[in-house]
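Working notes, structure below.
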DNA sequence: TCAAAAGTGTTGGGCCTACACCCATGG
DNA sequence: CCATGGGTGTAGGCCCAACACTTTTGA
């Protein structure tokens, strides 16, 4: 195992979750005081990421970012684009920051998005915060574009890949699932029609269990079965909202 | 302009075209004789690519590969994935090859696909050859996987993005377009239904012109209008074969 | 005149949309 | 007993798939 980092290669992660009908991105505070006067020279937000170690794969690097934040392994992660323009790092603050890290100013970053279920909590949330994707703070580098690209990729895949279920806890209600679609697509859906479509899919399995307490009337729980989905997908079946 | 290359970063290009109802990939002969006996140590095929120069963007590097082969600029190109596993270069031949080039054995490659119209000819085709994507020769590195990934990406986008038209000359007949869909999706389509769908799209514009000579009966030519498409796309319109 | 590809319409069924009220429970 | 979110059925229309023959020309 070689723990030295490749000084021009990093992985950035767009962690996403839906909470209270809002799509949120996790950002890390970037802060650097160069002068005694305590004037922050760099004071904005960036995506969580890591330089890639000599012995690590790209995906392993994304896993590591995720583990440090959540304490958990194994996750759906999607690589969606690499960013490596020569002038990608060009503002004074970005250059300052990169140099302070002993990295090169021509850094390639490979971007992943990782979707968290709404009930997941972060293990370590110091220096890190969830932001509404429609109301982002000042971001460093080209990270605003990276977030936009991630969101667009997700939207483009939502009808053909079972991505949505990553936003869900293992057991979920149909109304919760509908909300996820509505938030991601930014529309309203007809509840009766939605239920018909969803319950017609063999890979969305109704459980005996009902959830009590959340609302007045108990609601039936469903789960997504990857096993069943993988059988079906061969014949071109998709979710079509 | 800094012409030194970044020794751990390359761009590989999957050039694709459809010819005689066959989807073809362009490969470059890889050949290296290390010993006087003239035994070829490396003798297989790889994707055309380049190391990235310090002053070049990733996309510019893809453009350069394309220009050297076709003599033309400006092209639709799609970045679809980066490959950077630590053990990505691991066979004896691949290691030998990379070292002979003075590059590092931990190289990240960013992959693009570029689609050529069926009537386009290569400017410089020495050391390079078109192969049926279903019948590839011995390939170096992980280039077989890269080609598979490219193909899957195209298939996944074919119904939602106007990718197919890149396989077409500017002016084309409906039957030619149908063939492209059939080759890419590996199915047969009903000619009457296909024509109805296609001619219902305002961005596929019939021309006055007819093509003579190719077949007995002259056939009407159509063109794809990006202008019109861009207007329409906002309202969620797509090609739906 | 015939071979070869271009081009053309209709019908039945399935699927999708639109739409309003009752149910089960907690407070 | 009432407030709250959970849950249900139908009818009309649109779209899609299935299907076979005529047209135009070159040879």
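Protein chains in written order, with the UniProt record's numbering: chain A, 1 to 241; chain B, 1 to 241. In this text, a Cβ means the ideal position worked out from N, Cα and C, and glycines have one as well. All figures in this text were calculated on a predicted structure; none of them were measured in a lab.
Between residue 164 (chain B) and residue 223 (chain B), the CB-CB gap reaches or exceeds 7 Å. A:79 is the residue among A:4, A:73, A:6 and A:79 whose C-alpha sits nearest the C-alpha of residue 14 (chain A). Against chain B, the beta carbon of residue 54 (chain A) has neighbours under 9 Å at 86 and 106, listed in chain order.
A straight-line Cα-Cα distance of about 58 Å links residue 168 (chain A) and residue 212 (chain B). Taking the beta carbon of residue 8 (chain A) as reference, the chain B residues within 8 Å of it are 6, 8 and 9, listed in sequence order. Contact of residue 160 (chain A) with chain B by beta-carbon distance below 8 Å involves 156.
For residue 23 (chain A), the closest C-alpha among the options A:4, A:134 and A:81 is that of A:134. For residue 117 (chain B), the nearest beta carbon of chain A is not closer than 7 Å to its own beta carbon. For the alpha helix (DSSP H) assignment, the uninterrupted runs of no fewer than 4 residues enclosed by the stretch 69 to 157 of chain B are, from N- to C-terminal side, 92 to 100 and 143 to 157. Interface residue (Cβ-Cβ distance to chain B less than 7 Å): residue 183 (chain A) is not classified as such. With contacts defined as CB atoms closer than 7 Å, residue 8 (chain B) and residue 105 (chain B) fail to qualify as a contacting pair. Counting only the Cα atoms, residue 82 (chain B) lies some 17 Å from residue 53 (chain B). DSSP, reduced to helix, strand and coil, places residue 31 (chain A) within a strand of the structure shown. Per DSSP, the continuous alpha helix (DSSP H) segment holding residue 198 (chain B) begins and ends at 191 to 199. If you draw a straight line from the Cα of residue 230 (chain B) to the Cα of residue 70 (chain B), it comes to about 28 Å.
The C-alpha of residue 86 (chain B) is placed about 28 Å away from the C-alpha of residue 27 (chain A). Non-local C-beta neighbours of residue 198 (chain A) in its own chain, meaning closer than 7 Å and more than five positions away in sequence, comprise 174, 177 and 204, ordered along the chain. Around the beta carbon of residue 58 (chain A), 16 or more other beta carbons lie within 10 angstroms, which makes this residue buried. Under the Cβ criterion of 7 Å, residue 110 (chain A) is counted among the residues facing chain B. Within the model, the alpha-carbon separation for residue 29 (chain A) versus residue 76 (chain A) is close to 25 Å. At least 7 Å separates the beta-carbon of residue 12 (chain A) from that of residue 31 (chain A). Those residues of the stretch 57 to 87 of chain A placed with their C-beta closer than 7 Å to a C-beta in chain B are 57, 58, 79, 81, 82, 84, 85 and 86, ordered along the chain.
Relative to the Cα of residue 139 (chain B), the nearest Cα in the group B:94, B:63 and B:2 belongs to B:94. Going by DSSP, residue 232 (chain B) is part of the alpha helix (DSSP H) stretching over 226 to 233. The beta carbons of residue 142 (chain A) and residue 99 (chain A) sit no closer together than 7 Å.
The three-state secondary structure of residue 181 (chain A), taken from DSSP, is helix. Put simply, of B:60, B:16 and B:233 the residue whose alpha carbon is nearest the alpha carbon of residue 110 (chain B) is B:60. Remark: C-beta atoms of residue 25 (chain A) and residue 154 (chain A) do not approach each other more closely than 7 Å. Between residue 115 (chain B) and residue 66 (chain B), the alpha-carbon positions lie close to 10 Å from each other. In the DSSP assignment, residue 17 (chain A) falls within the beta strand (DSSP E) that extends over 5 to 19.
Beyond the five residues adjoining it in sequence on each side, residue 232 (chain B) comes within less than 7 Å, by CB distance, of 202 and 203 in the same chain, given in chain order. Where residue 210 (chain B) is concerned, the enclosing beta strand (DSSP E) starts and stops at 204 to 211.
Residue 52 (chain A) sits in a strand when the DSSP states are folded into three classes. Each residue's CA atom was taken as its position, placing residue 10 (chain B) and residue 72 (chain B) some 21 Å apart. For residue 47 (chain A), the three-state secondary structure derived from DSSP is coil.
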